[in-house]
Amino acid sequence: MTDDNQEQAEADRPPQETVSFTFDRMTVARFRETFPYARWSDRLQAWTVPGKTARKRIDRWLATEADRRKPYEEERGRDAFEFEPILSPYLQVFDGGFRIRTPYSRTVVDELRQVPFARWNGDDKVWEIPFASYDDLQHRWETI
Numbered sequence: 003m004t005d006d007n008q009e010q011a012e013a014d015r016p017p018q019e020t021v022s023f024t025f026d027r028m029t030v031a032r033f034r035e036t037f038p039y040a041r042w043s044d045r046l047q048a049w050t051v052p053g054k055t056a057r058k059r060i061d062r063w064l065a066t067e068a069d070r071r072k073p074y075e076e077e078r079g080r081d082a083f084e085f086e087p088i089l090s091p092y093l094q095v096f097d098g099g100f101r102i103r104t105p106y107s108r109t110v111v112d113e114l115r116q117v118p119f120a121r122w123n124g125d126d127k128v129w130e131i132p133f134a135s136y137d138d139l140q141h142r143w144e145t146i
């Protein structure tokens, strides 16, 4: 493709914006409901949202997602853990919450995916869960 053809193809492409956020099934479901024409790009490792007003709509959605988290959830999760800790060699506490490193089990993965804001950290090969999700983690810990 010549430079002129490539420039023309880019000019003909509808405007779009990208957004990425931590994977959480519920968050993705809300995102897909709000942006039904959004598509995941493996190359960009981000969602692409078409439209001239996509950036404004994305920013508005991100703001509402930030508001979903109550201001003191992190502190409540820390306090709950200190009051009634989960004692396990598989669970570590770090600045952002908890890290869980277990042998692979489909059941464990399915349970961890149900914990809000849980995400897989592929670099360290651990599940990371914020303090705000401690109650959910505690309820599922026996199965995990």
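To convert a position in the sequence shown, counted from 1, into my numbering, add 2. The beta-carbon is built from N, C-alpha and C at its ideal position, and this holds for glycine as well.
1. Going by DSSP in three states, residue 144 sits in which element: helix, strand or coil?
2. Could you tell me the alpha carbon to alpha carbon distance between residue 83 and residue 120, rounded to whole angstroms?
3. Quick one: is residue 37 buried, meaning 16 or more other Cβ sit within 10 Å of its Cβ, or exposed?
4. What span of residues does the alpha helix (DSSP H) with residue 116 cover, start to end?
5. Is residue 79 helix, strand or coil by DSSP?
6. Nearest-angstrom Cα distance between residue 104 and residue 53?
7. Does residue 42 pass the burial test, meaning 16 or more other C-beta atoms within 10 Å, or should it be called exposed?
8. Taking the alpha-carbon of residue 109 as reference, which of 134, 25, 81, 142 has the nearest alpha-carbon?
9. Say yes only if the C-beta of residue 62 is nearer than 7 Å to one or more non-hydrogen atoms of the ligand MG, and no if none qualify.
10. Please give the ranges of any alpha helix (DSSP H) in the segment 31-72, keeping only runs that are unbroken, at least 4 residues long and fully inside the region.
11. Could you tell me the alpha carbon to alpha carbon distance between residue 114 and residue 88, rounded to whole angstroms?
12. Give me the Cβ distance between residue 40 and residue 50, rounded to the nearest whole Å; I'm assuming they're in contact under 8 Å.
13. Within the continuous beta strand (DSSP E) that includes residue 93, where are the two ends?
In brief:
1. Taken through DSSP and simplified to helix, strand or coil, residue 144 comes out as coil.
2. Roughly 16 Å separates the two Cα atoms.
3. Classified as buried, residue 37 has 16 or more neighbouring CB atoms from the shown chains inside 10 Å of its CB.
4. Its alpha helix (DSSP H) spans residues 108-116.
5. When secondary structure is reduced to three states using DSSP, residue 79 falls in the helix class.
6. One C-alpha to the other measures close to 43 Å.
7. In this structure residue 42 is exposed. Its beta-carbon is surrounded by fewer than 16 other beta-carbon atoms within 10 angstroms.
8. For the residues 134, 25, 81, 142, the minimum Cα distance to residue 109 belongs to 142.
9. This structure lacks the ligand MG, and indeed carries no ligand of any kind.
10. Segments of the alpha helix (DSSP H) lying fully in the segment 31-72: 56-70.
11. Rounded to the nearest angstrom, the two C-alpha atoms are 15 Å apart.
12. Contact holds; Cβ gap of about 7 Å.
13. Boundaries of the beta strand (DSSP E) around residue 93: 93-96.
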